[in-house]
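A.B. asks:
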Amino acid sequence: MMEKRLERTTVLKGSRLIDGLGGDVLKNAVVFIEEGRIKEIGMEGRITLPAGAEVIDMADCTLLPGLLDIHLHCSAHNVLTFKNYRISQLEVTPPLQMLYTLLHQQIMLEMGFTTLRDHPWPNAYGGHNSVELVALRDAVEAGIFAGPRLVVGGYATMTGSHLDLIVPRGCRREPDATADGPWELRKLVRRQLRVGVDFIKTCASGGGGTDKEAPDVRNMTQEELDAVVDEAHALDKHCACHCFTPTAQKMAIRAGADTIDHCVFTDDEAIDMLVSEKKFIVPTLLHRSDRAIEVRKRVGTSDFTLNKMKMLQPTTKETFQRFIKAGVRIAMGTDTQIDAEMGANAHELEIYVNYGMTPMEAIQTATKNAAEAIWLGRETGTLEPGKFADIIAVKGDPLSDIRILQEKEKIMIVMKEGKVFVDRRPGHKKLVIHDEAWGWKRM
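Listed below in structure tokens is the structure:
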């Protein structure tokens with residue numbers, strides 16, 4: 035049953051508040067919320083609380099903006115259910131795939147992620163599932179289902195691109211799944227926008243997770259890439275570009291892509307261009323972690339792909355550290371799909387800290403930076419008056435230990451637009467998912 039949103043005044047208190055702007059932590063913080071938005075923030079005793087407001091007192095907790103992951107694939111059906119991920123791609127029908135998707139999105143909300151930029155995933159019919167993702171987005175917005183705010187993508191890329199090779203070879207392709215040449219690619223962008231997507235995803239290089247594909251092969255010509263980005267912008271949508279190599283990064287920057295995703299390899303020229311053009315990169319380091327490789331190994335990934343992912347690890351660390359040193363803008367994305375458990379996404383921030391970021395800088399990648407990268411900086415990503423009350427309360431201090439953001443039982447409150455979706459306080463148990471979500475039956 036659709037739940038009607040009740041507009042009411044709420045006061046949220048916390049021992050500490052991290053607003054996402056990178057400044058000092060506010061002690062004994064009070065957040066005054068009205069009609070789903072932040073009305074005022076201050077220190078307890080210095081802010082007048084409205085009479086009759088609901089007060090949620092989160093003593094010993096840190097308040098911070100709801101987290102964002104701007105590169106993941108919630109519709110990559112959880113292959114821990116299957117013995118082989120290639121078989122699962124053929125066994126899971128699009129309707130079942132969407133049930134997996136909703137579960138994954140709700141798991142993400144329970145872990146404090148209030149906004150997701152959800153990239154499509156292939157379906158068993160040889161196409162991609164943007165239509166279904168748009169439907170889920172609209173259902174969540176209508177209140178039919180609980181879930182995070184969804185920013186849904188549509189693919190526009192060439193035949194035989196990395197995004198095309200994710201589909202098993204034996205699958206027949208939908209005739210309009212890919213396009214070639216600038217005008218056909220413009221048409222493909224327009225078809226995606228007709229479906230109702232929020233951004234366009236394209237591809238300028240090979241990738242790491244596919245069989246028999248080198249990561250340094252070129253995908254698309256400059257003319258084709260220019261056409262895709264220009265058409266997306268003409269229709270007021272942002273564009274994400276898959277780029278493993280410095281050549282791909284430079285092509286994407288010249289085309290005007292808004293986020294440059296993965297960036298495994300780089301060079302001085304690419305870094306200079308990223309800095310001068312103020313582009314956001316989305317590192318997706320979790321996707322190549324030992325944790326991800328182990329999951330892939332268990333579900334039948336080829337030795338070719340496993341070796342490729344392992345080979346890329348030292349390069350990703352070196353490249354990431356070069357980006358930090360140069361001051362490249364970084365927004366958090368994980369590429370979570372079949373190879374790292376959905377909900378473990380904040381592990382990406384731990385990797386950032388291990389590679390040289392401060393905890394505050396890491397938190398900003400998943401809040402302020404991520405929101406700005408996907409054109410939502412005016413609405414979410416920081417705790418400021420006028421913005422959506424997307425707020426989480428975590429037990430402890432993530433500036434002392436960033437790992438607490440990965441611990442489900444320490445994510446005490448998850449609020450989206452002023453509504454509490456998760457409440458794990460003693461004596462309270464409000465969850466989005468009421469059954470254990472990880473009791474998978476092997477098939």
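Using this note's numbering, you'd call the opening residue of the sequence shown number 35 and step up by one each time. Each residue gets a CB set at the ideal place from its N, CA and C atoms; glycine is no exception.
1. In the DSSP assignment, what residue or residues form a beta bridge with Glu68?
2. Nearest to Glu247 by alpha carbon, out of Val263, Ser195, Val262?
3. Quick check: Val185 and Leu222, are their CB atoms within less than 8 Å of each other?
4. Measure the Cβ-Cβ separation of Tyr389 and Lys359 and say whether it is below 8 Å.
5. My assumption, with CB atoms under 8 Å, is that Arg71 sits in contact with Lys421. Please give the rounded CB distance.
6. According to DSSP, is Thr339 part of a helix, a strand, or is it coil?
7. Helix, strand or coil for Asn388, going by three-state DSSP, please let me know.
8. By a C-beta neighbour count over all protein chains shown, 10 Å radius and 16 as the cutoff for buried, is Arg206 buried or exposed?
9. Below 7 Å CB to CB, which residues in the same chain sit around Gly48 once its five sequence neighbours on both sides are set aside?
10. Taking just the CA atoms, how far does Met449 sit from Ala85?
11. Could you spell out the range, first to last residue, of the alpha helix (DSSP H) harbouring Ile327?
12. Just the Cα atoms here: how many angstroms apart are Glu88 and Glu74?
13. Just to confirm my understanding: we take Lys402, look at its own chain, exclude 5 residues before and 5 after, and list those with CB closer than 6 Å. What are they?
14. Could you check the C-alpha separation between Gly76 and Glu68 for me, to the nearest Å?
15. I'd like the list of long-range same chain contacts for Val466, defined as Cβ closer than 6 Å, with 5 residues on each side in sequence excluded.
16. With a 10 Å radius around its C-beta and 16 neighbouring C-beta atoms as the bar for buried, classify Arg322 as buried or exposed.
17. Quick check on the DSSP output: what are the complete alpha helix (DSSP H) runs of length 4 or more inside the stretch 243-275, in order along the chain?
18. With respect to the alpha helix (DSSP H) encompassing Glu88, which residues constitute its N-terminal and C-terminal limits?
19. When burial is assigned at 16 or more other CB atoms within 10 Å of the CB, is Lys312 buried or exposed?
20. Are there 16 or more other CB atoms within 10 angstroms of the CB of Met463, so buried, or fewer, so exposed?
21. Do you know offhand how far Trp472's Cα is from Asp260's?
22. For Lys359, does the three-state DSSP call read helix, strand or coil?
23. For the alpha helix (DSSP H) containing Thr281, name the first residue and the last one.
24. Return yes when the Cβ of Leu319 is within less than 8 Å of the Cβ of Phe354, no when it is not.
25. Go through its chain and collect everything with a Cβ distance to Val362's Cβ below 7 Å, but skip five positions before and after it.
26. First and last residue of the alpha helix (DSSP H) that includes Ile141?
27. Given a threshold of 16 other Cβ atoms within 10 Å of its Cβ, counted over all protein chains shown, does Thr399 qualify as buried or as exposed?
28. Roughly how many whole angstroms lie between the Cα atoms of Lys475 and Ala274?
29. State yes or no: is the C-beta of Ala190 within less than 8 Å of the C-beta of Val262?
30. For the beta strand (DSSP E) holding Met446, just list the boundary residues, first then last.
31. Could you tell me the distance, in whole angstroms, from the CA atom of Gly215 to the CA atom of Met192?
32. Would DSSP call Ile52 helix, strand or coil?
33. Would you check if the distance between the CB atom of Met132 and the CB atom of Leu83 is smaller than 8 Å?
34. Keeping to the same chain, check which residues put their C-beta closer than 7 Å to that of Glu443; ignore five residues upstream and five downstream.
35. Output yes or no for whether 8 Å exceeds the beta carbon distance between Ala378 and Ile104.
36. How would you label Met35, buried or exposed, when you count the other beta carbons within 10 angstroms and need 16 or more for buried?
C.D. replies: For this structure:
1. Thr43, Arg71
2. Selected option, being the one with the closest Cα: Ser195.
3. Using a Cβ distance threshold of 8 Å, Val185 and Leu222 do not count as a contacting pair.
4. no
5. 6 Å
6. helix
7. helix
8. exposed
9. Ala63, Met92, Cys95, Thr96, Leu97, Ala427
10. 21 Å
11. That run of the alpha helix (DSSP H) goes 324-332.
12. 15 Å
13. Gly54, Gly415, Thr416
14. 15 Å
15. Gln140, Leu143, Glu144, Ala180, Phe455
16. buried
17. 256-268
18. That residue, Glu88, is in no alpha helix (DSSP H); its beta strand (DSSP E) goes 88-99.
19. exposed
20. Note that residue 463 corresponds to Lys in the displayed sequence, not to Met. Per the 10 Å Cβ criterion, exposed.
21. Caution is warranted here: a pLDDT of 48 is assigned to Trp472, below 50, making its placement in the model unreliable, and the coordinate value is therefore given only provisionally. Those two C-alpha atoms are separated by around 43 Å.
22. helix
23. 280-289
24. yes
25. Ile305, Leu308, Val309, Ile315
26. 128-144
27. buried
28. Confidence at Lys475 is low in this model, with a pLDDT of 49, below 50, so its placement is unreliable and no value can be given for it.
29. yes
30. 445-450
31. 8 Å
32. coil
33. no
34. Arg458
35. no
36. In this prediction, Met35 scores a pLDDT of 35, lower than 50, which makes its location untrustworthy; the coordinate-derived value is nonetheless stated afterwards. So Met35 counts as exposed.
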